[in-house]
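Please read the structure below before turning to the comments.
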Amino acid sequence: MGEAEKTFIGGLHEELAEDKIIDESQLEPDFAEQIRKYGGKDVMTCLQCGNCTGVCPISLKIDYKTRNIIKCCQFGLKKYTLGTRWVCATCYRCYEHCPADLNPAEVMIALRHIAVREGIIPPFIKAAATNLVKYGQSVKPDAEIDKIRKELGLGKVGAEHPEYNKVIREINVLVHATKYDKLVGIQEEVKA
Amino acid sequence: MSSYVYFFGCVIPNRYPGIEYAVRWVTGKEGFNLDVKDQPEFSCCPVPGIFYSTDKDTWLLLAARNLVLAQDERRQVLTVCNGCLASLLKATEFLQEPKNMGKTNRILAQIGKKYTGIPQKSTEGKRKIFEPVKVRHYVEMMVKDVGLDAIKAKAKHPLKNIKVAVHYGCHYLRPTEHFTFDDPNDPVMIDQIVEACGATSVDYEDKLDCCGAGGGVRSHVVELANSLTQDKCANIEAAGADCIVTGCPFCLLQFDNAQKSFAKEGIPVMHVSQLQALSMGLDPISLGFDTHHVSAHSFLRKIRGL
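Sequence lines, in order, name chains A and B.
Numbering-wise, the numbering used here puts 82 at position 82 of the first sequence, and it's gapless, one number per residue.
Just add 192 to wherever you are in the second sequence, counting from 1, and you've got the numbering used here.
Okay, here's the thing in structure tokens:
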């Protein structure tokens, strides 16, 4: 696995090895509040039952334990939880099985919100956002596929039409209005 | 009968145009002749794994922009992708909250748009009543609005002897606070369509498991996504299926691409609309199987009875 993957996946296992001492200076007391701000529910209601980890398809494959992440959120161990939370497939199984109705998937999404605001932005976010402001689609148009579209008698995709410039302009205005361009670092691409 | 507007999203037009052809053909004059229009100004839904994950305000704005276009047409949005369904359906619910709606409309005003929902004919006095824009999934629309009997009647070339492994995809089923059209623990709709087309839907272990691609996992760590797909494919192979049928082009993309990394030949994957079109007698050449990585050759031979 490459260096980038290590940065973004690395489990909590090494970071929270048993002999490691965590003092108060590492805790962020209002971390639960920050999670709430970005749409997560109150992590303090977590019972630590572990159902979320049990049903998580990703936890079978790598060192990614939903329950541990929620525990870290309760403590306020912000720096351990931010870099690593980009592997949730948002399948919402944990949500269905959570007896505390916490919706751990939404907590992961809130953690991503916080991470992005701390400057931890995986490259695929930038790539997709760039495609959106350039073509109006998150997937880049492909010349080969265009040929096949023509053979099938399907029209050109939106971005190939001159009238679609209006749509791209509208998207640029919206992305600029929320300062999303600045947030993920695609200011050069946005014309507003 | 309801009227719809096509919402193909990003993956179908730019990666699997055959699905777009199949959907247009099945819903068009030669198929069920539904009242569906195009809306050329639609953009990306936007994809939940990127925008809903990083900034909910931007996500809601971009989704609302699409919803306004459908609202002005007074039509239901017909999505063909689980991701588009999840994103737009969630957005209509977010917009029910007055705070969100106000905030969104204040920015949408910059591009001359306003989301209100679709005005209903009201009988009481002059007060206008607005209903949120309805967002539908192709599969659900087929089963509920067209009906299984009609699908069966149109399947002039039933796909006998074909064993199909159905994959629903997470965002067709969950979270259940948004999705109530099919049973999240025992979904049936795609299986019903497959059976109505004359094929047999085989049961396999962990049928409702994730394909591994969602939430940005595929774009982020493709090996992790592929290892989940490998587990699924092993179960599907054990059940002896001839093909995988799904209602989501992103799951399809994952199955199709991931199999390159671990399977020699692989199991062909197709969208439920492509299977329907085959059963209704459309020539496979029009279904764009050449854009799929796993060859559908042996599968198509079996359909022809060779």
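Glycine is no exception: its CB is placed at the ideal position from the N, C-alpha and C atoms.
Requested in this report: Ignore the nearest five residues each way along the sequence and tell me which others in B/A417's own chain have a CB closer than 6 Å to its CB.
Outcome: Taking the first residue of the second sequence as 1, we reach residue 417 of chain B at position 225. Counting only Cβ-Cβ distances below 6 Å, and skipping sequence neighbours, we find G404, A405, V409 and R410.
Report task. With B/L416 as the anchor, note down where its alpha helix (DSSP H) starts and where it stops. Result -> To locate residue 416 of chain B, count along the second sequence from 1; it is residue 224. Residues V414 to A430.
Report task. Please state whether DSSP places A/V190 in a helix, a strand or coil. Result -> What you label residue 190 of chain A is simply residue 190 of the first sequence in a count that begins at 1. Coil, per DSSP.
Query - Given 8 Å, three or more beta-carbon pairs between the segment 144–156 of chain A and the segment 472–484 of chain B - result: yes
Query raised in the report: Taking just the CA atoms, how far does A/L47 sit from B/Q468?
Result: By 1-based counting over the second sequence, the position of residue 468 of chain B is 276. By 1-based counting over the first sequence, the position of residue 47 of chain A is 47. A direct Cα-to-Cα measurement between B/Q468 and A/L47 gives close to 47 Å.
Query raised in the report: At a CB-CB cut-off below 7 Å, which residues of chain B make contact with A/V116?
Result: On the first sequence, position 116 is the one that residue 116 of chain A refers to. Simply T246.
Requested in this report: Scan the segment 63–90 of chain A for residues whose Cβ lies nearer than 8 Å to a Cβ of chain B and list them as they occur along the chain.
Outcome: W86, V87, C88, A89 and T90
Query raised in the report: Along the chain, where does the alpha helix (DSSP H) that runs through B/D448 open and close?
Result: For the purposes of this step, residue 448 of chain B is identified with residue 256 of the second sequence, where counting begins at 1. It spans P441 to F454 - the alpha helix (DSSP H) in which B/D448 sits, taken as one unbroken run.
Query - Ranges of the beta strand (DSSP E) found wholly within the segment 210–276 of chain B, counting only runs of at least 3 - result: 227–229 and 268–271
Query raised in the report: Is there contact here, the segment 213–223 of chain B with the segment 236–245 of chain B, by at least three beta-carbon pairs under 8 Å?
Result: no
Report task. Please report how far the alpha carbon of A/E5 lies from the alpha carbon of B/L270, in whole angstroms. Result -> For the purposes of this step, residue 5 of chain A is taken as the residue at position 5 of the first sequence. For the purposes of this step, residue 270 of chain B is taken as the residue at position 78 of the second sequence. The predicted model places A/E5 with a pLDDT of 48, which falls under 50 and marks its position as unreliable; any figure quoted below should be read in that light. So the alpha carbons of these two residues sit roughly 37 Å apart.
Query raised in the report: Are the segment 173–183 of chain A and the segment 246–265 of chain B touching, with three or more C-beta to C-beta distances below 8 Å?
Result: At 8 Å Cβ cutoff, the stretches touch.
Query raised in the report: Which of helix, strand or coil does DSSP assign to B/I354?
Result: Locating residue 354 of chain B in the second sequence gives position 162, counting from the first residue. Coil, per DSSP.
Query - Cα-Cα separation between B/L254 and B/I303, rounded to whole angstroms - result: Locating residue 254 of chain B in the second sequence gives position 62, counting from the first residue. Locating residue 303 of chain B in the second sequence gives position 111, counting from the first residue. Answer to the nearest angstrom: the Cα atoms are 12 Å apart.
Report task. Pull up the distance between the alpha-carbon of B/G361 and that of A/Y92, whole angstroms please. Result -> Against the second sequence, residue 361 of chain B aligns to sequence position 169. Against the first sequence, residue 92 of chain A aligns to sequence position 92. Spanning the two alpha carbons is a distance of roughly 11 Å.
Report task. Take the Cβ of A/M44 as the centre, count every other Cβ of all protein chains shown within 10 Å, and call the residue buried at 16 or more, exposed below. Result -> By 1-based counting over the first sequence, the position of residue 44 of chain A is 44. So A/M44 counts as exposed.
Requested in this report: Let me know the secondary structure DSSP gives B/F481 once reduced to three states.
Outcome: Translated into the one-based positions of the second sequence, residue 481 of chain B becomes position 289. The answer is helix: DSSP assigns B/F481 an H, G or I state.
Requested in this report: Check whether the Cβ of B/H489 lies closer than 9 Å to any Cβ atom in chain A.
Outcome: Here residue 489 of chain B corresponds to residue number 297 of the second sequence, with the count starting at 1. Taking Cβ atoms only, chain A never reaches closer than 9 Å to B/H489, which makes this a no.
Query raised in the report: With distances taken from CA atoms, which of B/Q451, B/N449, B/S478 and B/K346 is nearest B/F224?
Result: Translated into positions along the second sequence, residue 224 of chain B becomes position 32. Of the listed residues, the one whose Cα sits closest to B/F224 is B/K346.
Query raised in the report: From A/L174 to A/I168, what does the alpha carbon distance come to, in whole angstroms?
Result: Within the first sequence, numbered from 1, the residue matching residue 174 of chain A stands at position 174. Within the first sequence, numbered from 1, the residue matching residue 168 of chain A stands at position 168. If you draw a straight line from the Cα of A/L174 to the Cα of A/I168, it comes to about 10 Å.
Report task. To the nearest angstrom, report how far apart A/D63 and A/H176 are at their CA atoms. Result -> Counted from its first residue, the first sequence places residue 63 of chain A at position 63. Counted from its first residue, the first sequence places residue 176 of chain A at position 176. So the alpha carbons of these two residues sit roughly 37 Å apart.
Query raised in the report: Shortest alpha-carbon distance to B/K352 belongs to which of B/F200, B/K494 and B/V414?
Result: Stepping through the second sequence from its first residue, residue 352 of chain B is reached at position 160. Selection B/F200, B/K494 and B/V414 evaluated against B/K352 yields B/K494 as nearest (Cα-Cα).
Query raised in the report: From this set, B/P376, B/G473 and B/T308, which residue's C-alpha is nearest B/A256's C-alpha?
Result: Here residue 256 of chain B is taken as the residue at index 64 of the second sequence, counted from 1. The candidate whose alpha carbon is nearest that of B/A256 is B/T308.
Query raised in the report: Mapping DSSP to helix, strand and coil, what is A/Q48?
Result: Along the first sequence, one-based indexing puts residue 48 of chain A at 48. Correct three-state label for A/Q48: coil.
**Report entry** Outcome for B/T368 when other beta-carbon atoms lying within 10 angstroms are tallied against a minimum of 16
**Finding:** Your numbering for residue 368 of chain B matches position 176 in the second sequence. Counting Cβ neighbours within 10 Å, B/T368 comes out exposed, since fewer than 16 surround it.
Query raised in the report: Listing by chain order, which chain B residues have their CB less than 9 Å from the CB of A/E163?
Result: Translated into positions along the first sequence, residue 163 of chain A becomes position 163. Per Cβ cutoff of 9 Å: P232 and E233.
Requested in this report: List the DSSP bridge partners of B/F199.
Outcome: As a position in the second sequence, residue 199 of chain B is number 7, starting the count at 1. Bridge partners of B/F199: B/T271.
Requested in this report: Give a yes or no on whether the C-beta atoms belonging to B/E212 and B/F199 are separated by under 9 Å.
Outcome: Residue 212 of chain B sits at position 20 when you count from the first residue of the second sequence. Residue 199 of chain B sits at position 7 when you count from the first residue of the second sequence. No, they are not a contact pair.
Requested in this report: Count the CB pairs spanning the segment 438–450 of chain B and the segment 418–430 of chain B that are closer than 8 Å, and state whether there are at least three.
Outcome: Flag = yes, the segment 438–450 of chain B and the segment 418–430 of chain B touch.
Query raised in the report: At which residue ranges does the segment 141–167 of chain A contain complete alpha helix (DSSP H) runs of 4 or more residues, listed in the order of the chain?
Result: 143–152
Report task. With a threshold of 16 other CB atoms inside 10 Å of the CB of A/C73, please say whether the residue is buried or exposed. Result -> Against the first sequence, residue 73 of chain A aligns to sequence position 73. Classification for A/C73: buried.
Query raised in the report: Should B/S245 and A/H113 be called a contact, given that it needs their Cβ atoms to be closer than 9 Å?
Result: Reading the second sequence from its first residue, position 53 is the one you call residue 245 of chain B. Reading the first sequence from its first residue, position 113 is the one you call residue 113 of chain A. Yes, Cβ-Cβ distance for B/S245 and A/H113 is below 9 Å.
Query - B/E323 in three-state terms, based on DSSP - result: Position 131 of the second sequence holds residue 323 of chain B. In this structure, B/E323 counts as strand in the three-state DSSP scheme.
Query - B/V386 beta carbon near the ligand ZN (any heavy atom closer than 8 Å) - result: Absence of the ligand ZN is noted for the structure shown, with no ligands found whatsoever.
Query raised in the report: Between B/V386 and the rest of its own chain, which residues show a CB-CB distance below 7 Å, the 5 nearest in sequence each way excluded?
Result: In the second sequence, the residue the question calls residue 386 of chain B occupies position 194. For B/V386, where only same-chain residues beyond five positions count, the Cβ hits under 7 Å are V356, V358, S393, V437 and L467.
Report task. Can you tell me which of B/V272, B/S279, B/I299 and B/K305 puts its alpha carbon nearest to the alpha carbon of B/L261? Result -> On the second sequence, residue 261 of chain B is found 69 positions in, with the first residue counted as 1. Considering only alpha carbons, the answer is B/K305.
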